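See below for the structure under consideration.
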């Protein structure tokens, strides 16, 4: 008989299989699919970005032109405003002014202001900075005839927040009317010290043109704004300055609100790098908050401009601000920037009217959103193909296994007798004679099996004896573990009893000491009836307190004795009653140690629960909070108790200001025998028992977390609601 080796039979069957070549081909196809998908997507994104650069550059230029036209319109109105005032002062004669107008009032300090006559009236505020100037009242009343012109200018353009004229001697006429001008302005305000005045004087504006200010805080209470201003001369004398204001908030809403099919942000930057206005979305990227409004706690006495954080040229910490600074200073038209919070395409254009920069930032993620979604869809198709291929190979594997079954019979038939022999050996530990096969490897296996069976039989006999000895030892170990468990429970109850008795015993001691002290000092005059009555009243009160404390000590023993008995009864109670009973025991201790206690209870329903055990839980947690406060030696030790109802749960929260529990031990504080008070006789069972009571007896939860000032324990228990 020709014998076949097992390796030869396996090799023949393996060569008939084609699964590995097929797998290799399929994997190559999938790799090619995903690679081509990624390549096409990357190429598409690149082309889209390049196309968008051209588009966004043109859009930015067009937007800058629109903004420039708005500023140009406002500049033209300012020029018209200037000419009207120059005409007024060229004809102004104080001798022709009737000064009996009752709507103009002068205060004792020399401040001149007006009240509103009609809807077109403007505010007049004349500070006392130069109250000795001649013809102040005449000039104030005479400029009233310009009010309709002020109103017309104000209503001619929705971008205008207010219009005004400021004189060299600190007169301000402003529209719309400001009812609280006397309270808003500083009474000695010097108008020429503000940027909306001095930027138009001869030193700063020798050509007498319209100029635009930086962003500043308006003293009239309109918040942050920029102004178009122009000087008003009478001959060579500067009578004052006219101005048209645009608030930063309005500037953002109108001129910087671009409607694009993708996310974009814009900003205005002056020639010195100051951010005049920016979109709200830019705030997070630049780390600053746009100044749209301001609280006027007191009248403003000097120009307040935007903080240093709003200057791009001096910012050395924010990557986006530094990139924008380089772009503006180098006058680059377009820039691609990878930022920690996103990738941007940035363009800039100059506002010709003001020489400011209009900067537009386009979010690449928004731009490439459709391309990214398309790539995700094609990837899903690839994953589906991969799943289909896996399903196909599962079916193919089933067919292959069916063929392998025929192949395995060549091997398994000779092994069947060996299998039966192993069963016999397993059941009876006896070796049977096995017929040899025509396969070399199997015959070798049979010989080895026979030798192994003999060795195992000898090993079994020796191990049987050792196992019987080990069983006896294991039973003794189990008894010891049970004994330790009972000792742990007993020690835990003793610790809790001692913890609960400390305060009542101290109170009893205090009462008896009070009795002894009053008796020794002979506080009561027993010779008279009133003295005897006072002594009787005092003794009855003291004895009553002692009886109350003794009754509690007895109740505590009974409660702990019945703690683990299944026949323990629940009772009707309330969160208020539980808290009051607990504080009745530990409240005095907190007071003695000058620990402030705040209690807030909004629970109004009764509940069915284990009242005494819940009271013990509160005392445990309050005592731990007291110990932590005393250990830290806090002078302002405070504990907060907050009780309320949350759907089906009754909740009690206890929080202290002792600094919290170290993170390293926080997960361990509910473990039995874990304590940080080893030096102070801590048993490590208080919180463990508290959690056991809440979880196993009250079907609730007890957990702890660190808050800003200290540890916060939260007790949530279920209790059947009973309406009060």
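In the UniProt record's numbering, the protein residues as written are 1 to 724.
Glycine included, each C-beta is placed from N, C-alpha and C at the ideal position.
Values in this document were obtained by computation on a predicted structure and should not be read as measured data.
| Pick from 698, 705, 670 and 702 that is closest to residue 688, judged by C-alpha positions | Position 688 of the chain shown, counting from 1, holds the residue named residue 688. Comparing Cα positions, the closest option is 670.
| task | Tell me residue 240's beta-bridge partners as DSSP assigns them. | result | The count along the chain shown starts at 1 and reaches residue 240 at position 240. Bridge partners of residue 240: 167 and 232.
| query | Got a sec? Which residues, its chain only, sit under 6 angstroms from residue 681 by beta carbon, not counting five neighbours each side? | reply | On the chain shown, position 681 is the one that residue 681 refers to. Confidence at residue 681 is low in this model, with a pLDDT of 47, below 50, so the placement of that residue should be treated as unreliable; the coordinate-derived value is given next. Contacts found: none.
| query | Roughly how many angstroms separate the alpha carbons of residue 72 and residue 53, rounded to a whole number? | reply | Start at 1 with the first residue of the chain shown, and residue 72 comes out as number 72. Start at 1 with the first residue of the chain shown, and residue 53 comes out as number 53. Distance between the alpha carbons of residue 72 and residue 53 is about 28 angstroms.
| task | Would you identify the three-state DSSP class for residue 727, choosing helix, strand or coil? | result | As shown, the chain starts at 1 and ends at 724. That puts residue 727 outside it, with no answer to give.
| field | Simplified DSSP state of residue 348, which is helix, strand or coil | value | Taking the chain shown and counting its residues from 1, one reaches residue 348 at position 348. Strand.
| Same chain, Cβ closer than 7 angstroms to residue 716, neighbours up to 5 away in sequence not counted | Taking the first residue of the chain shown as position 1, residue 716 is located at position 716. Counting only Cβ-Cβ distances below 7 angstroms, and skipping sequence neighbours, we find 649, 651, 700 and 701.
| task | Classify residue 619 as helix, strand or coil using the three-state DSSP reduction. | result | In the chain shown, counting from the first residue as 1, residue 619 sits at position 619. Here residue 619 sits in helix by DSSP.
| Since residue 178 is in the alpha helix (DSSP H), which residue starts that stretch and which ends it? | As a working note, residue 178 is residue 178 in the chain shown. From DSSP, residue 178 is part of no alpha helix (DSSP H); its letter is neither H nor E.
| field | residue 207 (DSSP reduced to helix, strand or coil) | value | For the purposes of this step, residue 207 is taken as residue 207 along the chain shown, with counting starting at 1. Coil, per DSSP.
| Separation of residue 229 from residue 192, as counted between CA atoms | Here residue 192 is taken as the residue at index 192 of the chain shown, counted from 1. Here residue 229 is taken as the residue at index 229 of the chain shown, counted from 1. Using only the alpha carbons, I get a separation of about 13 angstroms.
| Is the CB-CB distance between residue 626 and residue 597 below 8 angstroms? | By one-based count along the chain shown, residue 626 stands at place 626. By one-based count along the chain shown, residue 597 stands at place 597. No, these two residues do not count as a Cβ contact at 8 angstroms.
| What does DSSP give as the partner residues of residue 216 in its beta bridges? | Residue numbering aside, residue 216 sits at position 216 when the chain shown is read from its first letter. Under DSSP, the beta-bridge partners assigned to residue 216 are 225 and 305.
| Out of curiosity, what's the CA-to-CA distance linking residue 222 and residue 75? | Taking the chain shown and counting its residues from 1, the one referred to as residue 222 is at position 222. Taking the chain shown and counting its residues from 1, the one referred to as residue 75 is at position 75. Whole-angstrom Cα-Cα distance: 20 angstroms.
| task | Tell me where the alpha helix (DSSP H) around residue 692 begins and ends. | result | Sequence index remark: in the chain shown, residue 692 carries index 692 (1-based). Judged by DSSP secondary structure, residue 692 falls within the alpha helix (DSSP H) whose first and last residues are 686–692.
| From what residue to what residue does the beta strand (DSSP E) around residue 276 run? | Against the chain shown, residue 276 aligns to sequence position 276. From DSSP, the beta strand (DSSP E) with residue 276 extends over 275–278.
| field | Beta-ladder partner(s) of residue 711, from DSSP | value | On the chain shown, position 711 is the one that residue 711 refers to. DSSP lists 706 as partners of residue 711.
| Secondary structure at residue 247, three-state DSSP: helix, strand or coil? | The residue labelled residue 247 in the question sits at position 247 within the chain shown. Correct three-state label for residue 247: strand.
| field | Anticipated Cβ contact below 8 angstroms, residue 579 with residue 601, distance rounded | value | On the chain shown, position 579 is the one that residue 579 refers to. On the chain shown, position 601 is the one that residue 601 refers to. Distance from residue 579 to residue 601 at the Cβ level is roughly 7 angstroms; contact confirmed, criterion being Cβ atoms closer than 8 angstroms.
| CB of residue 122 within 8 angstroms of CB of residue 147, strictly | Reading the chain shown from its first residue, position 122 is the one you call residue 122. Reading the chain shown from its first residue, position 147 is the one you call residue 147. Yes, Cβ-Cβ distance for residue 122 and residue 147 is below 8 angstroms.
| field | Other residues of its chain near residue 318: CB distance less than 7 angstroms, five sequence neighbours each side excluded | value | Residue numbering aside, residue 318 sits at position 318 when the chain shown is read from its first letter. If we look at residue 318 and ignore the five residues flanking it on each side, its Cβ neighbours are 286 and 287.
| task | Could you give the DSSP three-state label for residue 572: helix, strand or coil? | result | In the chain shown, the residue the question calls residue 572 occupies position 572. DSSP places residue 572 in strand when its eight states are reduced to three.
| task | Using alpha carbons as the reference points, say which of 536, 219, 709 and 553 lies closest to residue 507. | result | In the chain shown, counting from the first residue as 1, residue 507 sits at position 507. Looking at the Cα atoms, 553 is the closest of the given residues.
| What separation, rounded to the nearest whole angstrom, lies between the Cα atoms of residue 291 and residue 276? | The count along the chain shown starts at 1 and reaches residue 291 at position 291. The count along the chain shown starts at 1 and reaches residue 276 at position 276. Those two C-alpha atoms are separated by around 10 angstroms.
| said: Could you check whether residue 660 and residue 595 sit closer than 8 angstroms to each other, using their CB atoms as the reference points? | reply: The residue given as residue 595 occupies position 595 in the chain shown. The residue given as residue 660 occupies position 660 in the chain shown. No.
| Apart from the five residues on each side of it in sequence, which residues of its chain come closer than 6 angstroms, Cβ to Cβ, to residue 354? | The residue labelled residue 354 in the question sits at position 354 within the chain shown. Contacts found: 71 and 212.
| Distance between residue 209 and residue 126 (C-alpha atoms, nearest Å) | Taking the chain shown and counting its residues from 1, one reaches residue 126 at position 126. Taking the chain shown and counting its residues from 1, one reaches residue 209 at position 209. If I take the Cα positions, the gap works out to 26 angstroms.
| Which stretch, first to last residue, makes up the beta strand (DSSP E) that contains residue 339? | To locate residue 339, count along the chain shown from 1; it is residue 339. In the DSSP assignment, residue 339 falls within the beta strand (DSSP E) that extends over 334–339.
| query | Taking C-alpha atoms, which residue in 79, 241, 573 and 510 lies nearest to residue 173? | reply | Locating residue 173 in the chain shown gives position 173, counting from the first residue. Comparing Cα-Cα distances from residue 173 to each of 79, 241, 573 and 510, the minimum goes to 241.
| Is it buried or exposed for residue 537, if we count other Cβ within 10 angstroms and need 16 for buried? | Here the question's residue 537 lines up with position 537 in the chain shown. Exposed, since its Cβ has fewer than 16 Cβ neighbours within 10 Å.
| Same chain only: Cβ atoms within 8 angstroms of residue 711, ignoring 5 sequence neighbours per side | Here residue 711 corresponds to residue number 711 of the chain shown, with the count starting at 1. So the list reads 625, 628, 655, 656, 658, 660, 661, 704 and 705, once near-sequence residues are dropped.
| request: Would you identify the three-state DSSP class for residue 289, choosing helix, strand or coil? | output: Start at 1 with the first residue of the chain shown, and residue 289 comes out as number 289. Residue 289: coil per DSSP, three-state reduction.
| Beta-ladder partner(s) of residue 641, from DSSP | Here residue 641 refers to the residue found at position 641 when the chain shown is read from its first residue. Paired residue(s): 599 and 654.
| task | Look up residue 185 in the DSSP assignment and say whether it is helix, strand or coil. | result | By one-based count along the chain shown, residue 185 stands at place 185. DSSP places residue 185 in coil when its eight states are reduced to three.
| query | To the nearest angstrom, how far is it from the Cα of residue 203 to the Cα of residue 135? | reply | In the chain shown, counting from the first residue as 1, residue 203 sits at position 203. In the chain shown, counting from the first residue as 1, residue 135 sits at position 135. The straight-line gap from Cα to Cα measures roughly 27 angstroms.
| request: Grab the span of the alpha helix (DSSP H) containing residue 139 for me, first residue to last. | output: Counting from 1 along the chain shown, the entry for residue 139 is found at position 139. Per DSSP, residue 139 belongs to the alpha helix (DSSP H) from 136–142.
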